[in-house]
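Notes to accompany the following structure.
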Amino acid sequence: MKIGYIGLGKMGRNMVLRMQEKGHSVVAFNRNLEGRKDARKAGVKKVVDSLSELVKNLPAPRLVWIMVSHKGVDEVLDKLLPLLSKGDTIIDGGNCFFEETVHRAKKVTKSGFRFLDVGVSGGPSGARSGACLMIGGEKKDFIRLKNLFADLSVPDGFGYMGGHGAGHFVKMVHNGIEYGMMQALSEGFAIMKKSPLKPDLTEVARLYNKGSVVESRLVGWLESAFKKFGVELDDVSGAVAHTGEGEWTVKSAKALGIPAPIIEGSFQFRVASATAPSYTGKVLSALRNQFGGHDFKKFRTHLKINRKKSKK
74 MKIGYIGLGK MGRNMVLRMQ EKGHSVVAFN RNLEGRKDAR KAGVKKVVDS LSELVKNLPA
134 PRLVWIMVSH KGVDEVLDKL LPLLSKGDTI IDGGNCFFEE TVHRAKKVTK SGFRFLDVGV
194 SGGPSGARSG ACLMIGGEKK DFIRLKNLFA DLSVPDGFGY MGGHGAGHFV KMVHNGIEYG
254 MMQALSEGFA IMKKSPLKPD LTEVARLYNK GSVVESRLVG WLESAFKKFG VELDDVSGAV
314 AHTGEGEWTV KSAKALGIPA PIIEGSFQFR VASATAPSYT GKVLSALRNQ FGGHDFKKFR
374 THLKINRKKS KK
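Counted from 1, the sequence shown has number 216 at position 143 by the numbering used here; the numbering is strictly sequential.
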């Protein structure tokens with residue numbers, strides 16, 4: 074299958090490499106020149122310098138996968154749609170608020186294009202070795218592209234969630250659940266660190282992942298983080314970045330009249346950590362780095378700059 078791919082960050086670049094590995098022909102584009110250079114160095118075979126060039130290199134009916142920040146999707150669509158033809162398919166694989174996705178789907182399909190929203194879980198490593206894909210849109214489009222989704226996921230790691238917006242909705246809630254799980258894990262290890270018993274936290278994380286009820290990939294990533302940074306996490310920010318999905322989950326829960334105190338509390342903790350960093354926050358930042366490749370120092374630097382400005 075020949076695929077156009079827009080967005081060559083950590084997730085996008087790795088997903089393109091997996092597509093190539095599975096025998097797909099990919100024409101890729103990133104608006105940032107450095108991103109295009111990095112993709113070429115990483116092994117992406119065909120990287121073009123414009124959206125128009127990307128479209129010209131795709132046979133009709135075209136398939137274009139967008140993997141950009143939710144803030145950049147509308148800009149990409151505004152530039153891409155005039156270049157496409159009716160019957161072409163667009164996949165939005167980023168983390169987007171599902172209500173915005175529903176709106177975009179109406180706009181795109183009204184113009185004669187096909188549209189699918191795909192929530193992707195697994196981080197950059199999953200994008201490379203096999204992810205979990207939550208797919209929304211028309212069922213016939215899902216069925217038509219099942220082989221592609223199978224190639225990009227772990228075995229049985231993709232599924233049809235419902236109509237337009239359902240893929241991003243299920244992924245949003247997934248991330249909200251993730252917020253709560255990470256918060257509980259981080260609080261637990263902060264409690265143990267403060268305890269006079271002083272258990273070896275790296276050994277605790279290792280043992281928790283050997284048949285205990287809390288055995289999980291998150292615990293495994295925490296063990297890796299302790300081995301990488303040390304249990305004090307001195308170089309890791311105690312202020313935790315947040316990217317929107319937790320807040321969107323809380324917003325949706327309130328709109329539906331569903332209490333979500335764990336998810337809301339974990340989101341509010343991240344907000345408060347900007348001015349009240351802690352060891353719990355350090356554990357959260359370390360976890361985010363391990364599974365998502367997030368910069369564990371950048372947010373801290375950003376905070377320092379803002380604090381200096383506020384003192385002037």
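Glycine is no exception: its CB is placed at the ideal position from the N, C-alpha and C atoms.
Notebook entry, point to check: Taking Cβ positions, are L357 and M265 nearer each other than 8 Å?
Noted result: no
Margin query: For the alpha helix (DSSP H) containing F299, name the first residue and the last one.
Written below: 290-302
Next item on the list: Consult DSSP for F102 and reduce its assignment to one of helix, strand or coil.
Entry: strand
Margin query: Using C-beta distances below 6 Å, list every residue in its chain close to T174, excluding the 5 sequence neighbours before and after it, in chain order.
Written below: D190, G238, H241
Notebook entry, point to check: Do I336 and Y233 have their CB atoms nearer than 8 Å?
Noted result: no
Notebook entry, point to check: CA-CA distance, G185 and H367?
Noted result: 37 Å
Check: If we ignore side chains and look at the alpha-carbon of each, how far apart do K355 and Y281 end up?
Finding: 20 Å
Next item on the list: Starting from the N-terminal side, write out each stretch of the alpha helix (DSSP H) that is 4 residues or longer and does not extend beyond the segment 226-278.
Entry: 239-267
Margin query: Am I right that S297 and K370 are in contact with their C-beta atoms under 8 Å? What's the rounded C-beta distance?
Written below: Between K370 and S297 the Cβ distance is about 18 Å, and since that is not below 8 Å, they are no contact.
Check: Are the beta-carbon atoms of G77 and L136 separated by less than 8 Å?
Finding: yes
Next item on the list: For T162, collect the residues of the same chain with a Cβ closer than 6 Å to its Cβ; drop the 5 residues on either side in sequence, then sort them by chain order.
Entry: L136, R187
Next item on the list: Would you list the residues sitting across from D214 in a DSSP beta bridge?
Entry: D214 pairs with nothing; no bridge assigned.
Check: Since A112 contacts N103 with CB under 8 Å, what's their CB separation in whole angstroms?
Finding: 6 Å
Margin query: Nearer than 7 Å: is that true of the beta carbon of E320 relative to any heavy atom of the ligand COA?
Written below: Absent from the structure shown: the ligand COA. Ligands present: none.
Checklist line | Whole-number beta carbon distance between A204 and L225, since they are thought to touch under 8 Å | finding: 6 Å
Margin query: Within a Cβ cutoff of 6 Å, which residues of the same chain sit near N379, ignoring the five residues on either side of it in sequence?
Written below: Here N379 scores only 43 on pLDDT, less than 50, and its place in the model is too uncertain to base an answer on.
Next item on the list: Report buried or exposed for T374, applying the criterion of at least 16 other Cβ atoms within 10 angstroms of its Cβ.
Entry: Here T374 scores only 46 on pLDDT, less than 50, and its place in the model should not be relied on; the value that follows carries that caveat. The residue is exposed, with fewer than 16 neighbouring Cβ atoms inside 10 Å.
Check: Counting only runs that start and end within the segment 158-184, where is the alpha helix (DSSP H) found for 4 or more residues in a row?
Finding: 171-183
Check: With C-beta atoms as the reference, is V292 less than 8 Å away from L258?
Finding: yes
Margin query: So, with DSSP's three-state summary, where would you put K95?
Written below: coil
Next item on the list: Alpha carbon to alpha carbon, how far is D273 from V117? Give it in angstroms, no decimals.
Entry: 42 Å
Note to self: Please state whether the Cβ-Cβ distance between S142 and G167 is less than 8 Å.
What the structure shows: yes
Check: Between the beta-carbon of V99 and the beta-carbon of K83, is there less than 8 Å?
Finding: no
Note to self: Rounded to the nearest angstrom, what separates A349 and W321 at their Cα positions?
What the structure shows: 23 Å
Margin query: Given this structure, state the Cα-to-Cα distance separating K377 from A347, to the nearest angstrom.
Written below: For K377, the predicted structure reports a pLDDT of 45, less than 50, and the residue's modelled location is therefore unreliable. A value from the coordinates is still provided. So the alpha carbons of these two residues sit roughly 10 Å apart.
Margin query: Less than 8 Å between the beta carbons of L124 and L156, yes or no?
Written below: yes
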